[in-house]
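Reviewing the structure listed below.
In my numbering, the protein residues as written are 4 to 496.
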């Protein structure tokens, strides 16, 4: 699918360059360079199970592009993963990083196991062995290739990877912890990483749903309050997406997972559903909603959010989707055929290559934190607090000099919002602010952005007259940025 979407964007890029003397051969060569996957590592290593039996574990790491270093991408554990999927996801990471101006090349790793069938001890052995295999071949390192969580991996696995690399091939590298992001705080992680993808989804939706031009195109009123949404997938991304949208006034009416779905037209409380799933291991049977037997992708709503796995919206079910906006919180949930149907039906699709880039954006912040060896805000917290205090004190003294103190001192009391700011920005506050700014600057079309950064999704969509086709606009945006790097930097040989 990534190849198909890339091909459409590349075709438009070639058409736009057709009138430039000598431009086509040059552009064709660079587009082919960008399309190709640069390196793929395939490993197979033995695993001794807790019961004494042996088996062989297969894994892959694909580095799609090294136009920027290090490469960056997740590690997923899946029984169905293969080299073609790993290469496609690595390409998606290249374009995703380019869209949000994160200076990484794209990479992804996959280990072909079903993690539910292995003990924690066995998973640790697999993770550490896979890390060693990548390290021996130069597929991990803070300046070479940086790993991150993906499907069925999280903080635990990232800490195992960081520990393995730091105390083996990276033992002489002071920046060794930067070989992986998504770690726990004690191991060099950053505040806000756990919910970053979900919060990025929120900001991505905000940038479109508050845009009157796009809302007029699909016949919807601007703003999140009062909008209904359906969520497919209640994992880490789905949970935090649901929480943030609920916080900003939207109403979740249906949630689905592999073992069942629930429906409540009055709304489902994300905290109550989270607590229920933590206690029961499933959302099925949640007392404040009814079981839903049909396809949740076809439930009438304002916003449909596939936050599970690939290829959920297809040629077969796309004509029955009743949402006005589709938000791809998962990677690759929409097939090319479904994408075309949605365009014909005037449905706005906010593509995965942009809207779920919150994770890699905050991973970039964690990587920078590890290289700087200091947490965000630590050097400036006290100074900013004192500056705010002296500012309020100065205002108070100025008023007292002007009006006198006949009735006593004139107190200057900050509002609750200012008081929160006066207290100083925590690392989480700084990370969230950086994420919001990144998501806004990557998408929005304003007069200022047209002059300062023409390579933004809405600007590109307007320039190529793409209408609601934001996916092609996002791919074109990524291509232009990668082409600029190659054009200005050239090749080593």
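All C-beta atoms in this analysis are idealised placements derived from N, C-alpha and C, irrespective of residue type, glycine included.
Quick caveat: nothing in here was measured; it's all calculated off a predicted structure.
Just verifying my parser: in three-state terms, what is the DSSP assignment at residue i?
i	result
residue 293	strand
residue 160	helix
residue 74	strand
residue 40	coil
residue 337	strand
residue 148	strand
residue 48	strand
residue 318	coil
residue 2	As shown, the chain starts at 4 and ends at 496. That puts residue 2 outside it, with no answer to give.
residue 287	coil
residue 115	coil
residue 66	strand
residue 455	Its pLDDT being 41, under 50, residue 455 is placed unreliably in this model, and the value from its coordinates should be taken loosely. In this structure, residue 455 counts as helix in the three-state DSSP scheme.
residue 325	coil
residue 80	strand
residue 443	helix
residue 580	Because the chain spans 4 through 496 in this model, residue 580 falls outside it and cannot be assessed.
residue 463	helix
residue 437	helix
residue 5	helix
residue 301	helix
residue 313	coil
residue 89	helix
residue 403	helix
residue 59	strand
Taking the alpha-carbon positions, what's the residue i to residue j distance?
i	j	result
residue 213	residue 226	5 Å
residue 127	residue 171	16 Å
residue 82	residue 416	59 Å
residue 245	residue 432	20 Å
residue 280	residue 381	37 Å
residue 173	residue 283	42 Å
residue 293	residue 224	29 Å
residue 295	residue 233	12 Å
residue 331	residue 400	54 Å
residue 15	residue 163	44 Å
residue 87	residue 130	21 Å
residue 271	residue 411	52 Å
residue 36	residue 146	22 Å
residue 485	residue 356	15 Å
residue 304	residue 352	14 Å
residue 166	residue 106	25 Å
residue 250	residue 463	31 Å
residue 461	residue 155	34 Å
residue 287	residue 238	14 Å
residue 12	residue 133	35 Å
residue 368	residue 403	44 Å
residue 345	residue 8	15 Å
residue 375	residue 159	23 Å
residue 255	residue 218	20 Å
residue 183	residue 161	6 Å
residue 308	residue 204	9 Å
residue 138	residue 99	25 Å
residue 321	residue 55	48 Å
residue 449	residue 327	Note that residue 449 scores a pLDDT of 46, beneath 50, so its modelled location is shaky; the value from the coordinates is reported in the next line. The alpha-carbon atoms of residue 449 and residue 327 are separated by roughly 24 Å.
residue 310	residue 265	16 Å
residue 491	residue 108	17 Å
residue 397	residue 379	28 Å
residue 467	residue 209	23 Å
With 16 as the cutoff for other CB atoms within 10 Å, does residue i come out buried or exposed?
i	result
residue 371	exposed
residue 192	buried
residue 440	exposed
residue 487	exposed
residue 94	buried
residue 252	exposed
residue 323	exposed
residue 349	exposed
residue 168	buried
residue 51	exposed
residue 74	buried
residue 454	Residue placement at residue 454 is poorly supported in this model, since its pLDDT is 40, which falls under 50; the coordinates still yield a value, given next. So residue 454 ends up on the exposed side.
### Query
Would you call the stretch 116-129 and the stretch 32-41 touching, i.e. three or more CB-CB distances under 8 Å?
With the rule of 3 Cβ pairs closer than 8 Å, the stretch 116-129 does not count as touching the stretch 32-41.
### Query
Counting pairs of Cβ atoms below 8 Å between the stretch 334-343 and the stretch 308-322, do you hit three or more?
yes
### Message
With a threshold of 8 Å, are at least 3 pairs of Cβ atoms found where one atom belongs to the stretch 294-310 and the other to the stretch 268-276?
### Response
no
#### Entry: Entirely enclosed beta strand (DSSP E) segments - the stretch 202-279, minimum 3 residues
Taking only runs of at least 3 residues, the beta strand (DSSP E) segments lying wholly in the stretch 202-279 are 231-235, 254-260, 263-266.
### Query
For the stretch 348-399, which segments carrying the beta strand (DSSP E) assignment without a break, of at least 3 residues, lie completely within its bounds, in sequence order?
351-353
### Task
Determine contact between the stretch 357-365 and the stretch 185-203, defined as no fewer than three beta-carbon pairs at a distance below 8 Å.
Contact holds: three or more Cβ-Cβ distances are below 8 Å.
### Start-end ranges of the alpha helix (DSSP H) lying completely within the stretch 95-139, minimum 4 residues
Runs of the alpha helix (DSSP H) inside the stretch 95-139: 123-139.
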